[in-house]
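Following: one structure in structure tokens, then a few remarks.
There are 2 protein chains.
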Amino acid sequence: MTRTVVESKTKTAILGFDEPFCVIGERINPTGRKKLAAELEAGDFSTVEKDALAQVAAGATVLDINAGVVYNSNPNPNETEPPLMTKIVELVQGLVDVPLCIDSSVPGALEAGLEAAAGRPLLNSVTGEEERLEMVLPLVKKYNVPVVAISNDDTGISEDPDVRFEVAKKIVERAADFGIPAHDIVVDPLVMPIGAMATAGQQVFALVRRLREELGVNTTCGASNISFGLPNRHGINNAFLPMAMGAGMTSAIMNPVALPVGPKKLAEKKAEVEAKGIVLPADMDDETFCQMFGLGSTKPRAGKEMEAIRAANLLTNNDPHGGAWIKFNKAPDEAGAAGAAGGRRGGGRRRRA
Amino acid sequence: MTRTVVESKTKTAILGFDEPFCVIGERINPTGRKKLAAELEAGDFSTVEKDALAQVAAGATVLDINAGVVYNSNPNPNETEPPLMTKIVELVQGLVDVPLCIDSSVPGALEAGLEAAAGRPLLNSVTGEEERLEMVLPLVKKYNVPVVAISNDDTGISEDPDVRFEVAKKIVERAADFGIPAHDIVVDPLVMPIGAMATAGQQVFALVRRLREELGVNTTCGASNISFGLPNRHGINNAFLPMAMGAGMTSAIMNPVALPVGPKKLAEKKAEVEAKGIVLPADMDDETFCQMFGLGSTKPRAGKEMEAIRAANLLTNNDPHGGAWIKFNKAPDEAGAAGAAGGRRGGGRRRRA
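If you're matching them up, the sequences are chains A and B in order.
Quick note: the first sequence, position 236, residue 236 per my numbering, numbers continuous.
Quick note: the second sequence, position 77, residue 430 per my numbering, numbers continuous.
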């Protein structure tokens with residue numbers, strides 16, 4: 001049985017076919033988050049701290065740490081990223097005791113993260129590119145850690161799933177040459193946006209099944225890629241994750257947190273309320289307002305994707321006796337997110353009594 | 354390619370591996386609905402009319418018609434069910450032009466439904482029980498209609514999926530003896546409650562795959578059975594349906610409608626609003642109240658399961674170019690139900706820019 005073991009100082013997360021889905025929180029990543037990048041350059045780590053706590057509270061069992069920021073003051077990531085990686089890893093593991101995923105394209109930042117991380121982090125990532133294989137696999141061997149293997153190579157990302165399978169197979173074989181076992185390779189078969197490629201879902205499901213059956217490896221993906229460019233992305237992600245899990249996917253790098261209601265949304269709703277002639281008491285706080293008007297919460301909480309994943313854990317027999325499902329649907333912090341759809345409709349009936 | 358064709362007077366619904374999932378609305382069924390049973394005995398068909406319209410509006414492409422009511426005035430369903438079936442079939446097909454599924458355990462009611470239905474209805478159901486095979490298959494042949502085949506037999510419902518597969522295979526073979534082709538058999542592999550049987554999900558997914566690959570048949574199920582007895586049933590159903598579709602399930606008998614907010618729920622919320630010191634304008638109608646306070650709607654609308662199914666249609670490449678998904682997420686009637694989860698959170702980011 002394939003088990004990929006990832007550890008923090010005292011906690012263990014296991015990726016496996018008979019384990020609950022491993023949610024790797026993706027939020028600590030300044031790529032595409034200009035505000036976070038500017039904060040980090042200014043030495044402000046408050047968002048990192050909030051993201052670490054919120055993701056673990058929402059159900060992430062591993063946190064991805066990416067320090068890929070380009071400073072205005074120094075555009076060379078080979079100089080800036082390694083010390084920033086060390087700083088963020090130390091900060092996060094001082095706050096939350098969950099295994100980390102050290103995520104960088106910069107060799108020095110990977111090694112800095114591996115040095116700083118307690119326990120047995122996951123390394124993110126190797127690809128089928130020759131230079132990357134020669135750079136990352138020795139680190140994987142030296143630090144005895146599992147690694148995410150992305151199925152692209154020097155020819156780029158193939159649209160042919162058979163080619164992506166062959167790239168994954170090559171990485172597993174090259175890793176074996178270094179003495180790295182297949183159970184320490186977590187393959188990312190690459191999720192394409194379904195809006196751009198109609199077969200993107202079918203490709204992933206078929207690939208995950210093959211990777212599991214033929215190579216015996218665990219798998220992961222950047223789950224939200226599937227819905228890129230389409231409306232109601234969460235609606236697509238909520239179906240994609242259970243389908244991928246049904247095909248055998250064992251983890252995803254994703255955002256487990258429903259973003260809190262911000263000042264703009266609050267102001268819009270208050271204006272709408274006022275326009276309808278509704279009068280609020282002067283001392284109503286924003287959180288009560290959100291709760292009364294069905295607006296979510298000013299605090300971060302578990303997103304709907306977490307409900308979909310927990311239901312799929314149950315349906316793949318990785319939640320014995322439904323204990324985690326029942327607890328999730330009773331926990332006061334998450335009842336709002338989890339219970340909304342279920343609570344306001346009548347329960348289904350058994351069709352054949 | 355397996356295609357099961359079901360027809361109304363002018364509309365066609367097709368069950369197939371390369372077709373959008375076929376949603377068979379289950380609401381027109383007095384079993385377990387005491388109020389509806391009493392209405393029908395009193396000759397009041399208003400609920401049937403509402404259920405027909407609401408289910409089609411929510412996205413059902415076939416409507417199940419079950420007249421299985423036990424009258425207080427006459428406890429013999431062999432006498433009461435056939436004329437009631439005729440009446441309901443005529444009423445429903447006068448209201449909505451969608452194919453019907455004639456659902457009864459009473460032979461006379463099946464034949465009455467087949468006589469009354471325009472086009473090519475689906476018959477529900479045959480089982481592997483000898484008496485039932487000998488009664489139903491001649492009707493299927495005589496009326497040239499497709500039939501739901503439930504995989505239990507004279508020994509009952511087996512907990513062993515291999516036995517249920519063999520029952521399905523036996524029905525397909527017996528049907529062939531009558532000259533009924535496999536593409537007119539829609540197998541229901543029987544969905545057990547996951548709360549009672551931890552492998553219930555895995556059993557269905559494996560069975561659907563085998564039924565598709567080895568017998569080449571379409572499949573259906575009473576989808577909500579999976580969540581029987583557990584909290585937040587919709588959360589489980591929303592994950593189950595995409596997973597079943599990923600395994601190859603091509604239809605389900607289910608409720609596509611989110612129940613409207615009723616007087617009790619309205620009164621509770623209004624009391625809560627008042628307790629918080631919020632003052633409503635005297636002339637606010639209930640529908641506006643629901644919309645402002647995030648309470649759903651006083652009108653029936655598509656349930657979250659329909660969002661999950663539409664997303665899974667997209668992910669199985671049965672929604673070319675995402676046209677149906679985009680339309681669904683823009684339609685004003687359904688925007689509330691479909692957009693709630695997606696609208697209030699930020700869109701996901703592409704992980705690797």
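Note that CB positions come from ideal geometry on N, CA and C, so glycine has one too.
In this text, all values refer to a predicted model and were calculated from it rather than measured experimentally.
Contact check for P546/B against G599/B fails: the beta carbons are separated by 8 Å or more. Sequence-ordered contacts of the region 227 to 243 of chain A with chain B read S227, F228, L230, P231, N232, R233, H234, G235, I236, N237, N238, A239, F240, L241, P242, M243 [C-beta pairs closer than 9 Å]. The beta carbon of A223/A is closer than 8 Å to those of V191, N237, F240, L241, A244, A252, I253, M254, E305 in its chain, skipping five residues each way along the sequence. The three-state reading of DSSP puts C574/B in coil, since its state is none of H, G, I, E or B. With respect to chain A, the C-beta atom of V626/B has a partner C-beta closer than 8 Å. Taking a beta-carbon distance threshold of 8 Å, A182/A does not count as an interface residue toward chain B. One finds G588, N591, A592, P595, A661 in chain B with Cβ atoms closer than 9 Å to the Cβ of A308/A, taken in chain order. When L393/B, E526/B, L453/B are compared, the shortest CA-CA separation from K362/B is found for L453/B.
When 8 Å is used as the limit between beta carbons, T641/B is near these residues of chain A: K276, in chain order. Secondary structure of T127/A (DSSP, three-state): strand.
DSSP places S511/B outside both helix and strand once states are collapsed to three, so it counts as coil. Taking a Cβ-Cβ threshold of 8 Å, the residues of chain A close to M645/B are E272, V273, K276, I278, F293, in chain order. A residue is called buried when at least 16 other Cβ atoms come within 10 angstroms of its Cβ; G277/A does not meet this threshold and is exposed.
Pairing G466/B with P460/B gives a Cβ-Cβ distance that is not under 8 Å.
Under a 10 Å Cβ-count criterion, V610/B is classified as buried, with 16 or more other Cβ atoms of the shown protein chains found around its own Cβ.
For L314/A, the chain B residues whose Cβ falls inside 7 Å of its Cβ are I547, I589, in order along the chain. Residues of chain B with a Cβ closer than 8 Å to the Cβ of G201/A are, in chain order, L667, L668, T669, N670. About 19 Å separates the CB atoms of L123/A and V96/A; that is not less than 8 Å, and the two are not in contact. Burial check for S73/A: the Cβ neighbour count within 10 Å stays below 16, so the residue is exposed. Its chain contains P383, A390, L393 as the residues whose beta carbon lies nearer than 6 Å to that of V422/B, once the 5 sequence neighbours on both sides are disregarded; these appear in chain order. If you ignore the 5 residues before and after F289/A, its C-beta comes within less than 6 Å of no other C-beta in its own chain. By the neighbour-count criterion, in which a residue is buried when 16 or more other Cβ atoms sit within 10 angstroms of its Cβ, A196/A is exposed.
For D404/B, the enclosing alpha helix (DSSP H) stretches over residues 399 to 411. A distance of 8 Å or more separates the beta carbons of V187/A and A175/A.
Here the region 304 to 323 of chain A makes no contact with the region 670 to 680 of chain B; the two share fewer than three CB pairs at distances below 8 Å. Taking CB atoms only, A551/B has a neighbour in chain A less than 8 Å away. Across the set R212/A, Q55/A, P260/A, D153/A, the C-alpha of D153/A shows the shortest separation from the C-alpha of V126/A. With contacts defined by Cβ atoms closer than 8 Å, T572/B and C375/B do not form a contacting pair. A distance below 8 Å separates the beta carbons of H536/B and T357/B. Proximity to A67/A across D283/A, T61/A, E79/A peaks at E79/A, based on C-alpha coordinates. By a beta-carbon distance limit of 8 Å, I24/A contacts D64/A. Their separation comes to about 5 Å. Apart from sequence neighbours up to five positions away, the residues of its chain that approach D639/B with a beta-carbon distance below 7 Å are L619, T651, ordered along the chain. Contact annotation for F21/A against chain B: no contact, minimum CB-CB distance about 11 Å [criterion: below 8 Å]. Excluding five sequence positions before and after R164/A, the CB atoms of its chain that fall closer than 7 Å to its own CB belong to S151, S158, P189, L190, L207, given in chain order. Residues of chain B whose Cβ lies closer than 9 Å to the Cβ of N329/A are, in chain order, L583, P584, N585, G588.
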